[in-house]
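Visitor:
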């Protein structure tokens, strides 16, 4: 999320609008001084904006346009109290666009509470998880001991310089994999224990191709806005299929195609049925071992690895900025003060 956040003020400030960014992990003083000089647009994380509001050195009483982007992810991260506190500081006569990639009851409730006479724009099916069909998904059922060797095989098979994200479930595994892959593949790690300066540096290296392999946790890579990511590798399967769809959605954006490799182990078997639905919904091949796991409600024994043929072309995705995870869509608001939310799949 911060990768997008940090570049947005630069994009928006190329005219007569002055835009500044507020985010945690960086000194509060310089950010506050920039705001006090006067700005037209503030792009902020909820936590840091609340911190600055508590100083009572700035006010939101003249705000007329409040954008809630990636609302579902902010709620997942526990920011609902901060969001509601911010909304109380903004005049009731405002417009509130709200963007969300999913439409669970928590998002529906906050939309009902915060939006006034909203116009809802749905892109794709909001009742079930849908993966971007432009991404060819490879699910490989294997043992944990096989994962590292298979990871190296996949990395070797890619074109030199291809941008690749490897997702891990723990910060410790991120660091360990990055160390093991750094010399041969130029890997670097990003996770929540890294300082903001370290994260900025790693993202800069990844964006420019100096470190073409980014090893990341879900939280660190959330909202990542980097062009031309060719491959996503789920070294560890996430805690839910929704996060799986978000992960692979970092590739295949803006009309491009992408590849997603997923290592699926015996301990992941509880997600087999939901994963099958996502694969079938995107016209992807489903390994027989995955069907076996789903039919018995869990894995038993050590399944053989499965590698599919290349899948078909997909199309719609799940959330992202330029279309890969779902495109933002364009809408015409019926009135100045109508609120709008967009659900993203």
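Numbering (the numbering used here), first residue to last: 398 to 742. Ideal Cβ positions, reconstructed from N, Cα and C, are used throughout, including at glycine.
1. Quick one, which of 500, 507, 461 has its alpha-carbon nearest residue 481's?
2. How far does the alpha helix (DSSP H) with residue 577 in it extend, from its first residue to its last?
3. So within the stretch 613-683, which uninterrupted alpha helix (DSSP H) runs reach at least 4 residues, ignoring any that extend past its ends?
4. Relative to the alpha-carbon of residue 568, which residue among 552, 590, 547 has its alpha-carbon at the smallest distance?
5. Closer than 6 Å by C-beta to residue 659: which residues in its own chain qualify, once you throw out the five before and the five after it? Chain order, please.
6. What residues are listed by DSSP as bridge partners for residue 556?
7. Go through the stretch 450-508 residue by residue and report every complete run of the alpha helix (DSSP H) that reaches 4 residues or more, in order.
8. Which partner residues does residue 533 have in the DSSP bridge list?
9. Quick check on DSSP: helix, strand or coil for residue 713?
10. For residue 633, count neighbouring C-beta atoms within 10 Å of its own C-beta (all shown protein chains included) and say buried if the count is 16 or more, exposed if not.
11. For residue 652, count neighbouring Cβ atoms within 10 angstroms of its own Cβ and tell me buried if that reaches 16, exposed if not.
12. Would the beta-carbon of residue 614 fall within 9 Å of that of residue 587?
13. Along the beta strand (DSSP E) that carries residue 743, what are the first and last residues, could you check?
14. For residue 611, which beta-bridge partners are listed by DSSP?
15. Let's see if you can read the secondary structure: which residues bound the beta strand (DSSP E) around residue 517?
16. Where does residue 691 fall in DSSP's three states?
17. Please list the terminal residues of the continuous beta strand (DSSP E) segment that includes residue 440.
18. Since residue 629 and residue 562 are thought to touch, with beta carbons under 8 Å apart, how far apart are those beta carbons, to the nearest angstrom?
19. So, are the CB atoms of residue 639 and residue 526 less than 9 Å apart?
20. Where DSSP assigns a beta bridge to residue 538, which residues make up the other side?
21. Do residue 471 and the ligand ZN come close, with the Cβ less than 8 Å from some heavy atom?
22. Which residues in the same chain as residue 441 place their Cβ atom closer than 6 Å to its Cβ, once the five residues preceding and following it in sequence are excluded?
23. Give me the Cβ distance between residue 675 and residue 528, rounded to the nearest whole Å; I'm assuming they're in contact under 8 Å.
24. What does the alpha-carbon distance come out to for the pair residue 466 and residue 637?
25. Excluding five sequence neighbours on each side, which residues of the same chain lie with their C-beta closer than 7 Å to the C-beta of residue 414?
26. Measure the Cβ-Cβ separation of residue 486 and residue 457 and say whether it is below 9 Å.
27. Which residue's Cα is closest to the Cα of residue 510: 608, 518, 484, 500?
28. At the level of alpha carbons, what is the spacing between residue 585 and residue 572?
29. Expressed to the nearest angstrom, what Euclidean distance is found between the alpha-carbon atoms of residue 424 and residue 470?
30. Return the CA-CA distance between residue 709 and residue 445, expressed in angstroms with no decimal places.
31. Please state the DSSP three-state secondary structure of residue 719.
32. Considering only the beta carbon of each residue, do residue 822 and residue 460 sit closer than 9 Å?
33. Out of 578, 643, 608, 600, state which residue places its alpha-carbon closest to the alpha-carbon of residue 657.
34. If you follow the alpha helix (DSSP H) that residue 434 is in, where does it begin and where does it stop?
Guide: Judging by the given coordinates:
1. Counted from its first residue, the chain shown places residue 481 at position 84. When each option's Cα is compared against that of residue 481, the closest is 507.
2. In the chain shown, counting from the first residue as 1, residue 577 sits at position 180. Start and end: 568-582.
3. 615-618, 638-645, 669-678
4. As a first step, residue 568 must be located in the chain shown, where it is residue number 171. The candidate whose alpha carbon is nearest that of residue 568 is 590.
5. Here residue 659 refers to the residue found at position 262 of the chain shown. Excluding residues within five positions, the ones whose Cβ falls inside 6 Å are 536, 631.
6. Here residue 556 refers to the residue found at position 159 when the chain shown is read from its first residue. Looking at the DSSP assignment, residue 556 forms no beta bridge with any residue, so it has no partner.
7. 468-473, 477-486
8. In the chain shown, counting from the first residue as 1, residue 533 sits at position 136. Answer is 656, bridged to residue 533.
9. Start at 1 with the first residue of the chain shown, and residue 713 comes out as number 316. Confidence in residue 713 is poor, its pLDDT being 29 and thus under 50, which makes the residue's placement too unreliable to answer from.
10. Here residue 633 is taken as the residue at index 236 of the chain shown, counted from 1. Buried.
11. The residue labelled residue 652 in the question sits at position 255 within the chain shown. Residue 652 is exposed by the Cβ-count criterion.
12. Taking the first residue of the chain shown as 1, we reach residue 614 at position 217. Taking the first residue of the chain shown as 1, we reach residue 587 at position 190. Yes, the Cβ-Cβ distance between residue 614 and residue 587 is below 9 Å.
13. This structure cannot speak to residue 743, because the chain is shown only from 398 to 742.
14. As a working mapping, residue 611 is identified with position 214 in the chain shown. Paired residues: 562, 585.
15. Taking the first residue of the chain shown as 1, we reach residue 517 at position 120. Element bounds for residue 517: 516-519.
16. Residue 691 sits at position 294 when you count from the first residue of the chain shown. DSSP places residue 691 in helix when its eight states are reduced to three.
17. On the chain shown, residue 440 is found 43 positions in, with the first residue counted as 1. For residue 440, the enclosing beta strand (DSSP E) starts and ends at 438-441.
18. Here residue 629 is taken as the residue at index 232 of the chain shown, counted from 1. Here residue 562 is taken as the residue at index 165 of the chain shown, counted from 1. Sure, about 5 Å apart at Cβ, within 8 Å.
19. Position 242 of the chain shown, counting from 1, holds the residue named residue 639. Position 129 of the chain shown, counting from 1, holds the residue named residue 526. Result yes, Cβ atoms of residue 639 and residue 526 sit closer than 9 Å.
20. Position 141 of the chain shown, counted from the start, is the residue given in the question as residue 538. Answer by DSSP bridge pairing, in chain order: 661.
21. Among the components modelled here there is no ligand, and therefore nothing to report on the ligand ZN.
22. Reading the chain shown from its first residue, position 44 is the one you call residue 441. 419.
23. Residue numbering aside, residue 675 sits at position 278 when the chain shown is read from its first letter. Residue numbering aside, residue 528 sits at position 131 when the chain shown is read from its first letter. Contact flag correct, Cβ pair sits at about 5 Å.
24. The residue given as residue 466 occupies position 69 in the chain shown. The residue given as residue 637 occupies position 240 in the chain shown. Their backbone Cα atoms lie some 22 Å apart in a straight line.
25. Taking the first residue of the chain shown as 1, we reach residue 414 at position 17. Around residue 414: 437, 438.
26. On the chain shown, position 89 is the one that residue 486 refers to. On the chain shown, position 60 is the one that residue 457 refers to. Yes, the pair counts as a contact, with Cβ atoms nearer than the cut-off.
27. Indexing the chain shown from 1 puts residue 510 at position 113. The shortest Cα separation from residue 510 among 608, 518, 484, 500 belongs to 484.
28. If you number the chain shown from 1, residue 585 lands on position 188. If you number the chain shown from 1, residue 572 lands on position 175. If I take the Cα positions, the gap works out to 8 Å.
29. The residue you call residue 424 lines up with position 27 of the chain shown. The residue you call residue 470 lines up with position 73 of the chain shown. Distance between the alpha carbons of residue 424 and residue 470 is about 24 Å.
30. Counted from its first residue, the chain shown places residue 709 at position 312. Counted from its first residue, the chain shown places residue 445 at position 48. Its pLDDT being 36, under 50, residue 709 is placed unreliably in this model, and the coordinates cannot settle the point.
31. Locating residue 719 in the chain shown gives position 322, counting from the first residue. With a pLDDT of 36 at residue 719, under the threshold of 50, the modelled position of this residue cannot be trusted, and the question is left open.
32. Here the chain covers residues 398 to 742 and nothing more, so residue 822 does not appear.
33. Within the chain shown, the letter at position 260 stands for residue 657. Of the candidates 578, 643, 608, 600, the one whose C-alpha sits nearest the C-alpha of residue 657 is 643.
34. Translated into the one-based positions of the chain shown, residue 434 becomes position 37. No alpha helix (DSSP H) holds residue 434; DSSP gives it neither H nor E.
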